[in-house]
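Remarks on the structure that follows.
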Amino acid sequence: MKYHIVVFGCAANVADGKRIETYYEDQGHIKSSSIEKADEVIVVTCMIRESAEARVYGLVRNLGKKRRTLPRIIITGCMAGMIVRDTTGKLLKRIKKRIPTVEFIPVEELGLPEAGIHKNETHALVHISNGCNNFCTYCVVPYARGKEISRPYEEIIKECQDAIAHGIQTITLVGQNVNSYGSDLLNNAECKMQNGELVKSKYITYVKHLGKMRIPTLFPHLLKEVSELPGLVSVDFISSNPWDFSSELIDVIASHETVSRQIHLPVQSGDDEVLKRMNRWYTRNEYMDLIAIIREKVSGVSFSTDIIVGFPGETKEQFENTVDLCKKVGFVKAYVAIYSDRPMTVAHKTLGDDIPFAEKKRRWKVLEELIYKGNKK
């Protein structure tokens, strides 16, 4: 059987695509040279924005125009995950109306191997966790991928070692919240807070970061061990969150030259009120302080980020606070997204979508010109 894989979206989806490829190769199937010649098409979908969803509809429609008979089309990734977790059935009904000929199978039900193919390449994406527990009000990831589950530590190290043995020089550790890796692996059954003070457990101790008590993570230890693997040239990670970017993690980066000096640290907004509505767990000043600490300890560091413009209720003055933050940080790259109202999210249910598209587009252009044209000078 000839198969063809189409991947939309983030690095986590690309990593899943590699695992799907490994699964089909292990079954003895042949990778098709084109989607038109495939007996089976697997689409790893993204639902983070409406435009990403629309690409899936366009792909299926165009395939129907090019072939007399459609191949078996399997929709996996975020779209399938959200359909399964939507207990009302409304999402399935809406999407089935647009693409009635496809099958929906969540990634976790495909029976995939944990490690993907790492042959004839120099760069490997290694997934270390899946899902998210944070529930930012705009984001579909908790509904698309479920709660955060960390992959066993030893499996990750072994995949990295095997990848290096196959000629891989650069590794990217991938997770929706990559630097919270391992918090679920630590047994926190006896960890408690009493009168606002941390109480030591038999197993772990809560730590304070950005004004909140957090369960410590294993990511600094994982990054350190991966960065010290013989034969590795460089390692980076995506996507990290400010609320788990601990001093321990900063020290690991600072003391290991194999760790990339470009850090992706999503901010989403530079205004405290907008951040609060987004359910981001830090203030503008806390984010700026974290940037300053990293710069002080990590020589030659630069930053990239994610920003959403036109979030519900964002005033022009609040947007200007984001512009000001970007000027002060000097991001070398930014993924600037126009807010997209997504089903199942808190923002969709409670905040509405009150910023005209023309104004969203204007704000997007302002940041694009500031960040990218500024970097070309």
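If you're matching positions, the sequence shown starts at -13 in our numbering and goes up one per residue.
Using N, Cα and C, we set each Cβ at its ideal position, and we do this for glycine too.
If you're wondering where the values come from, they're calculated on a predicted model, not measured in any experiment.
key: Strand pairing of residue 335, partner residues [DSSP]   = Under DSSP, residue 335 shares a beta bridge with no residue.
Cβ-based burial, residue 53 [other Cβ within 10 Å; buried from 16] = Counting Cβ neighbours within 10 Å, residue 53 comes out exposed, since fewer than 16 surround it.
key: According to DSSP, residues forming a beta bridge with residue 27   = Answer is -10, 59, bridged to residue 27.
request  = Tell me where the beta strand (DSSP E) around residue 133 begins and ends.
outcome  = That residue, residue 133, is in no beta strand (DSSP E); it is neither H nor E in DSSP.
request  = Report buried or exposed for residue 80, applying the criterion of at least 16 other Cβ atoms within 10 angstroms of its Cβ.
outcome  = Exposed.
key: Coil, strand or helix - residue 107 by DSSP   = Reduced to three states, the DSSP call for residue 107 is coil.
ask   = Just the Cα atoms here: how many angstroms apart are residue 218 and residue 108?
value = So the two alpha carbons sit approximately 10 Å from each other.
key: Distance between beta carbons of residue 62 and residue 93, contact taken as under 8 Å   = Taking the Cβ atoms as the reference, residue 93 lies roughly 5 Å from residue 62, within the contact range of under 8 Å.
query = How would you write the range of the alpha helix (DSSP H) that residue 76 sits in, first residue to last?
reply = Taken as a continuous stretch (DSSP letters only), the alpha helix (DSSP H) holding residue 76 covers 76 to 84.
query = When you compare each of 232, 135, 296, 248 to residue 116 by their alpha carbons, which one comes out closest?
reply = Among 232, 135, 296, 248, the Cα nearest to that of residue 116 belongs to 135.
query = Where residue 5 and residue 306 are concerned, what is the direct C-alpha to C-alpha distance, given to the nearest angstrom?
reply = Rounded to the nearest angstrom, the two C-alpha atoms are 42 Å apart.
task = Kindly list the residues whose CB is nearer than 7 Å to the CB of residue 84, restricted to its own chain and excluding five residues on each side of it in sequence; keep chain order.
result = Cβ neighbours of residue 84 beyond the five flanking positions: 43.
task = Taking 9 Å as the cut-off, decide whether the C-beta atoms of residue 318 and residue 223 are in contact.
result = No.
request  = Measure the C-alpha to C-alpha separation of residue 347 and residue 141 and round it to an integer number of angstroms.
outcome  = Between the alpha carbons of residue 347 and residue 141 lies a distance of about 44 Å.
query = Nearest-angstrom Cα distance between residue 209 and residue 258?
reply = Looking at the two C-alpha atoms, the distance is approximately 31 Å.
task = Specify whether the stretch 3 to 17 and the stretch 293 to 302 touch according to this definition: at least 3 beta carbon pairs, one from each stretch, less than 8 Å apart.
result = With fewer than three CB-CB distances shorter than 8 Å, the stretch 3 to 17 does not count as touching the stretch 293 to 302.
inquiry  = In the DSSP assignment, the beta strand (DSSP E) including residue 154 goes from what residue to what residue?
reply    = Here residue 154 belongs to no beta strand (DSSP E), and DSSP marks it neither H nor E.
request  = Under 8 Å by Cβ, that's how I've got residue 33 and residue 15 pegged, so tell me the actual separation to the nearest angstrom.
outcome  = Not quite, the Cβ-Cβ distance comes to about 27 Å (not below 8 Å), so this is no contact.
query = Considering residue 6, what are the terminal residues of the beta strand (DSSP E) in which it resides?
reply = In the DSSP annotation of this structure, residue 6 is not part of any beta strand (DSSP E); the continuous alpha helix (DSSP H) holding it starts and ends at -3 to 12.
key: Sub-9 Å separation of residue 46 and residue -10 beta-carbons   = No, Cβ-Cβ distance for residue 46 and residue -10 is not below 9 Å.
message = Between the alpha carbons of residue 333 and residue 148, how many angstroms are there, rounded?
response = The C-alpha of residue 148 is placed about 42 Å away from the C-alpha of residue 333.
ask   = Out of curiosity, what's the CA-to-CA distance linking residue 137 and residue 113?
value = Take the alpha-carbon of residue 137 and the one of residue 113: they are about 8 Å apart.
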